[in-house]
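Contents: one structure, followed by commentary.
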Amino acid sequence: MAEAARPPRSSGDPDIQGRFFQYLMLERAVHSQGVPYEMVDENIWRHKLAVEQEALLARWKIQRAEYEERLLAQNQFLSHFSHHLIQLMNDPAELMADTPIRSEHFELLDLLMSETPDRERILGLMANMAWLCDGLVRYMNNPKHKLTRRDVTFTDHRLVFHYLGMEPLQRILPWLMFQHWSMGREEGLGLRLRKLWRFARQQSDAAAALARRLGQPPQQARILALMHCLDMVLLLQVGAREFFRMKSSWLTQARDEGAKAVHDAVLPLQLPGKPLVQLLKLHLGWGEKLLAHWQLGELALYRSIVRLNRSEPDPMSRLVIQSRAIAIHHSLLKRRLASPEELNQWLAHHHLSRHSQWKSD
């Protein structure tokens, strides 16, 4: 959905969401490759002979020209990547290529959103998701969960399914699926994914807590909150894949053509955050496009996502949007990336007070 469809910010309203996106997409800084060119020391310059001055100036000009050539090549590469990424993110076929996201995952989430889920259908869908079955068994065999079961170890996901009951499964399974979606196979995603997981967990917990207070189904709120974070997952997955694919192509071509300046300029580059932040601010609803591409429009999950992306005033969409505001508030406040006054203004804009009272049980 286009940004224009969202409520406009007043001139005095800080861009809290934009500041959060910048924090989320910030990767570890790449070490500088040294000074761009050798600076001329005026004290030494005065005492140089004319011939030495001329040689020093010529060397300085060469170094500066090389630096500017590398900088130009870097800017051209990043600009090409940014435009290429915008085109790819609007193509549903590219969104699902080389990602672990499949249509049956959304069918399972749709079942888990129901107040009376069909247990046999859920087990039937899980039978084709070995990673989810294994994840559920690992979850139950985690030492902190085994203490309450006298150290009993599970080996079959069906035993876990029946042992836990439906309400805990509606809380655990969507989170395991979100983790699977965002498993990064590309370099440079580790820190970003950890921040994204932490944020998605906070938003889903806040949404469930808000739903309980407002008399809405918490399992539906939790799933929609995770789906609200799906756009970030897709952007990181596709962005990283295309960045390193394009980087490899440019480096190969530079070696073949003997373009050393281009090769040296592109080699140290890592996945940039700026084009990712710009795309996130547009809020284009890639998850919704993915479900529409798979012709899943009959699912209640899809209809809920459409209402959420259009910021419709139904109670569930409103509380999911509020849960994102709470999670952003928590992230920026803890890392001191915005002042308490700005964050209080941000909460007031979403008709919220102190977020601590909404903390999940």
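Residue numbers (the numbering used here): 58 to 418.
From the three backbone atoms N, C-alpha and C, an ideal C-beta is built for every residue, glycine too.
Could you check if residue i is buried or exposed, using at least 16 other CB atoms within 10 Å of its CB as the buried criterion?
i    : result
A257 : buried
V319 : buried
W188 : exposed
A297 : buried
N366 : buried
D167 : buried
I119 : exposed
Q227 : buried
P275 : buried
V108 : exposed
E398 : exposed
L152 : buried
K201 : exposed
R270 : exposed
K252 : buried
Identify whether residue i lies in helix, strand or coil by the three-state DSSP scheme.
i    : result
R269 : helix
L182 : helix
S368 : coil
G344 : helix
V334 : helix
N199 : coil
E355 : coil
I158 : coil
E84  : coil
S10  : Because the chain spans 58 through 418 in this model, residue 10 falls outside it and cannot be assessed.
P174 : coil
P275 : helix
L324 : coil
A395 : coil
L281 : helix
L246 : coil
S89  : A caution first: S89 carries a pLDDT of 49, below 50, which makes its placement in the model unreliable, though a value can still be read off. Coil.
I73  : helix
D191 : helix
D262 : helix
D167 : helix
L400 : helix
From the options, pick the residue whose C-alpha is nearest to that of residue i; which is it?
i    : options                   : result
A349 : N147, R302 and L308       : N147
Q144 : P332, R364 and A382       : P332
G181 : H162, G192 and N198       : H162
W232 : L271, Q277, A184 and Q74  : Q277
M373 : V290, A384 and G272       : G272
L248 : R116, G330, S361 and F300 : G330
E177 : A263, L129, G222 and V194 : G222
I378 : L404, V295 and S139       : L404
M234 : A154, R121, L169 and H387 : L169
G342 : L291, F78 and A268        : L291
D155 : R127, M82, S239 and A322  : S239
D321 : P200, F77, E125 and H386  : E125
Q131 : I383, E369, K304 and P370 : K304
L33  : P174, D175, K391 and L337 : Only positions 58 to 418 of the chain appear in the structure, and residue 33 is not among them; the question remains open.
Y196 : T212, E224 and R127       : T212
L281 : R121, H408, M186 and S171 : S171
L246 : G75, I73, D72 and M82     : M82
I179 : F218, D72 and L400        : F218
Y80  : L114, L250, L347 and P149 : L250
V323 : N185, Q335 and S306       : S306
A268 : E84, I158, L400 and D371  : D371
Hey, quick one: how far does the alpha helix (DSSP H) through residue i stretch, first residue to last?
i    : result
F235 : M223 to W238
A122 : A107 to M146
E299 : L287 to E314
H407 : It is not in any alpha helix (DSSP H) - H407 carries neither H nor E in the DSSP assignment.
V51  : The question about residue 51 has no answer, for the chain in this structure spans 58 to 418.
P329 : Here P329 belongs to no alpha helix (DSSP H), and DSSP marks it neither H nor E.
A150 : P149 to M153
Can you find a C-beta in chain D that's less than 8 Å from the C-beta of residue i?
i    : result
L165 : The displayed structure is made up of one protein chain only, and chain D is not part of it.
>> Taking contact to mean 3 or more Cβ pairs, one atom from each stretch, closer than 8 Å, check whether the segment 309-317 and the segment 277-285 are in contact.
In response: No, they do not touch.
> Do three or more CB pairs link the segment 354-365 to the segment 252-271 at distances below 8 Å?
Replying inline: For the pair of segments examined, the segment 354-365 was found not to touch the segment 252-271: the number of CB pairs separated by less than 8 Å stays below three.
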